[in-house]
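S.K.:
Residue numbers (this note's numbering), protein chains in the order written: chain A, 75 to 220; chain B, 75 to 220; chain C, 75 to 220.
#1: Per DSSP, residue 108 of chain B forms a beta bridge with which residues?
#2: Give me the chain A residues within the contact set of residue 155 of chain C, using Cβ-Cβ distance strictly less than 7 Å, ordered along the chain.
#3: What residue does the alpha helix (DSSP H) around residue 170 of chain C start on, and which one ends it?
#4: Is residue 200 of chain C near residue 78 of chain C, with beta carbons less than 9 Å apart?
#5: Which partner residues does residue 113 of chain A have in the DSSP bridge list?
#6: Could you pull the start and end residues of the alpha helix (DSSP H) that residue 179 of chain B belongs to?
#7: Going along the stretch 82–104 of chain B in order, which residues come within less than 8 Å of chain A, judged by CB to CB distance?
#8: Under 9 Å between C-beta atoms, does residue 119 of chain A make it to chain C?
#9: Using a beta-carbon distance below 9 Å, is residue 79 of chain C in contact with chain B?
#10: Can you look up residue 159 of chain B in the DSSP assignment and give me helix, strand or coil?
#11: Can you look up residue 134 of chain C in the DSSP assignment and give me helix, strand or coil?
#12: List the endpoints of the continuous beta strand (DSSP E) containing residue 153 of chain A.
#13: List, in chain order, every chain C residue whose beta-carbon is nearer than 8 Å to that of residue 182 of chain B.
#14: Can you list, in chain order, the residues of its chain whose CB lies under 6 Å from that of residue 179 of chain B, leaving out five sequence neighbours each side?
#15: What does DSSP give as the partner residues of residue 215 of chain C in its beta bridges?
#16: Please report the Cβ distance between residue 87 of chain B and residue 106 of chain B, rounded to the nearest whole angstrom; I am assuming they are in contact, meaning their Cβ atoms lie under 8 Å.
#17: Just the Cα atoms here: how many angstroms apart are residue 95 of chain A and residue 133 of chain B?
#18: Considering only their Cβ atoms, is the gap separating residue 148 of chain A from residue 171 of chain A smaller than 9 Å?
#19: Let me check understanding here. Comparing Cα to Cα, which of B:90, B:115 and B:121 lies closest to residue 175 of chain A?
#20: Can you pull the chain A residues whose beta carbon is under 8 Å from the beta carbon of residue 125 of chain B, in chain order?
#21: Does residue 217 of chain C have its Cβ less than 9 Å from a Cβ in chain B?
#22: Taking its Cβ as the centre, do 16 or more other Cβ atoms sit within 10 Å of residue 97 of chain C, making it buried, or is it exposed?
#23: Under the rule that 16 or more other beta-carbon atoms within 10 Å means buried, what is residue 206 of chain C, buried or exposed?
#24: Taking its Cβ as the centre, do 16 or more other Cβ atoms sit within 10 Å of residue 187 of chain A, making it buried, or is it exposed?
#25: Of all the CB atoms in chain C, is at least one closer than 9 Å to the CB of residue 132 of chain A?
#26: If you draw a straight line from the alpha carbon of residue 169 of chain B to that of residue 104 of chain B, how long is it in whole angstroms?
Right, here's the structure in full:
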């Protein structure tokens with residue numbers, strides 16, 4: 075039987091969409107919410123010493139914290155050619171440079187690549203859901219991309 | 075790569091289910107929550123002037139507000155033969171007449187038809203999720219209906 | 075057209091994972107949240123006396139309350155060989171014995187079996203989502219298991 079497990083994360087991040095015609099071209103921040111869902115085979119095992127887990131939620135949490143949250147929480151994420159990049163480099167603020175606009179779509183793709191590399195054998199990434207605001211989110215689904 | 079984008083909406087609506095054996099045959103209201111999810115192709119583009127968006131959340135918001143929220147927010151929705159229809163017509167309250175019972179299922183189908191017509195080329199409706207109460211919702215999924 | 079309907083439930087439950095290397099081997103509790111989603115065919119029917127429902131939310135609620143919530147709410151769920159089982163049997167607390175560890179994965183499988191047996195004809199279980207904590211949940215999906 076296939077089971078999916080999800081852990082939810084929050085992080086605070088700034089970005090600017092330099093080419094955007096509207097408020098988003100300004101440097102601004104969001105309280106992002108990220109849902110990471112993995113899928114794997116699970117067989118009920120009546121053995122006393124069986125963990126009864128497809129994957130320990132703790133492992134999933136650690137993996138995402140180390141590969142995403144640690145880097146992106148309280149960071150400024152910018153296109154490498156952003157007008158804000160040069161001026162902020164003069165400060166000691168935490169920065170991440172993208173070779174694309176730091177939109178919800180591109181963050182999802184970056185997170186996808188990082189998590190896929192870090193997952194243990196037998197466990198696959200099934201879904202990424204990233205809330206940029208309380209009422210807006212982007213998703214990557216394994217079933218859309220097979 | 076396929077990406078999904080979702081916007082969440084709230085609206086206040088009254089209805090009555092005339093034939094229902096229970097409380098719902100009374101004229102009553104709900105705080106509805108609607109999640110509209112679209113799907114489209116997305117390619118990461120390192121060009122500085124690329125928007126980095128599959129679709130601007132703002133466009134999705136505007137489209138749903140104009141085609142659904144504007145009409146249904148603070149409206150009374152009734153079967154055209156409802157006993158409440160005739161008496162309420164004597165007032166100046168905002169009313170929408172259905173040729174079916176205004177259940178969660180039928181609202182979803184009405185919203186489906188309205189949104190599908192309004193979406194830009196290259197973007198498809200992937201999912202509609204409509205909360206009638208805090209613990210009850212109906213869904214239409216593209217993968218169930220292809 | 076296929077429509078999905080979901081009802082959300084909460085219940086308070088204690089468990090212990092005897093073989094777990096960490097805090098979860100202790101007897102402890104969670105505020106579980108369970109989302110039960112069913113799928114069925116729905117045809118819009120303009121007849122006045124049509125219910126306009128694929129399944130009454132009330133029926134789904136009753137079915138899950140009777141088959142799951144009634145048993146699991148305020149219960150202690152343990153592996154039948156748990157060290158806590160023998161001592162707690164000396165009290166009159168509500169207990170459920172599993173032949174496997176009472177993890178999120180095994181609870182989902184138990185709930186799956188109970189609901190599938192109880193559903194009316196024409197309605198299938200589509201999804202089970204069980205939150206163990208505010209940021210951790212397990213899921214069983216029909217599309218993963220067909």
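Just so you know, even glycine gets a beta-carbon here, dropped at the ideal spot from N, CA and C.
M.R.: Put simply:
#1: B:83 and B:204
#2: 122
#3: Here residue 170 of chain C belongs to no alpha helix (DSSP H); instead the beta strand (DSSP E) covers 169–172.
#4: yes
#5: Residue 113 of chain A is bridged to A:78 and A:198.
#6: 178–192
#7: 82 and 83
#8: yes
#9: yes
#10: helix
#11: helix
#12: 149–153
#13: Within 8 Å Cβ-Cβ: 77.
#14: Taking C-beta separations shorter than 6 Å and ignoring five residues to either side along the sequence, the partners of residue 179 of chain B in its chain run 212, following chain order.
#15: C:201
#16: 6 Å
#17: So the alpha carbons of these two residues sit roughly 13 Å apart.
#18: no
#19: Out of B:90, B:115 and B:121, B:121 has the C-alpha closest to the C-alpha of residue 175 of chain A.
#20: 91, 93, 94, 175 and 177
#21: yes
#22: When all chains shown are included, residue 97 of chain C counts as exposed.
#23: buried
#24: Per the 10 Å Cβ criterion, exposed.
#25: Yes - at least one Cβ of chain C is within 9 Å of the one on residue 132 of chain A.
#26: Answer to the nearest angstrom: the Cα atoms are 15 Å apart.
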